[in-house]
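Reviewing the structure listed below.
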Amino acid sequence: MTLIPLTQIGKIIGYKIHLATAHRWRQKGVVHNGEQVKLPVRRIGSRFFVTEDDVRAFIARLNTTSDGNKAITNPRPDANETSRLLDKFKV
Numbered sequence: 035m036t037l038i039p040l041t042q043i044g045k046i047i048g049y050k051i052h053l054a055t056a057h058r059w060r061q062k063g064v065v066h067n068g069e070q071v072k073l074p075v076r077r078i079g080s081r082f083f084v085t086e087d088d089v090r091a092f093i094a095r096l097n098t099t100s101d102g103n104k105a106i107t108n109p110r111p112d113a114n115e116t117s118r119l120l121d122k123f124k125v
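Just so you know, the sequence shown maps onto residues 35 to 125 in our numbering.
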C-alpha cells in the first residue's frame with residue numbers, strides 16, 4: 035500500500051482536478067444514488083494521503099447504477115458524434 039499525496043490524485047484518475055475538488059470529495063463526498071460517498075484518506079501531520087486502490091474504488095462506486103450495474107461512462111462525445119447530434123436536432 036503506497037500512500038500518495040492528495041495533491042497527486044489526478045495522476046491516478048488520468049486527468050487533472052483542482053485540489054479543492056479532492057478536498058470536497060474527502061470532506062463532503064458526492065451524493066450518488068441517494069447515499070453519500072466519500073473519498074477515504076489518511077492524515078499524516080497536516081497532509082492528506084490516499085491509496086491508489088481507495089481512489090479507484092471511489093471512482094468505481096460513483097460509476098455504478100442503483101442496481102449495481104456499471105454505468106455508461108463516455109462523458110465527452112467525439113467531434114463526429116457531436117456534429118451528428120447537432121444535425122439530428124437541427125441546432
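A virtual CB, placed ideally from N, CA and C, is assigned to each residue, including glycine.
Every value quoted in this text rests on a predicted model; they were computed, and no experiment measured them.
- Rounded to the nearest angstrom, the gap between the Cα atoms of V64 and A54 is 14 Å.
- With a cutoff of 8 Å on beta-carbon distance, F92 and P39 are scored as not near each other.
- Cβ contact annotation for G44 (same chain, cutoff 8 Å, sequence separation greater than five): K50 and I51, in chain order.
- A residue is called buried when at least 16 other Cβ atoms come within 10 angstroms of its Cβ; A94 does not meet this threshold and is exposed.
- Here DSSP, grouped into helix, strand and coil, assigns F123 to coil.
- For T55, no beta strand (DSSP E) segment is defined; the enclosing uninterrupted segment is the alpha helix (DSSP H) at L53 to Q61.
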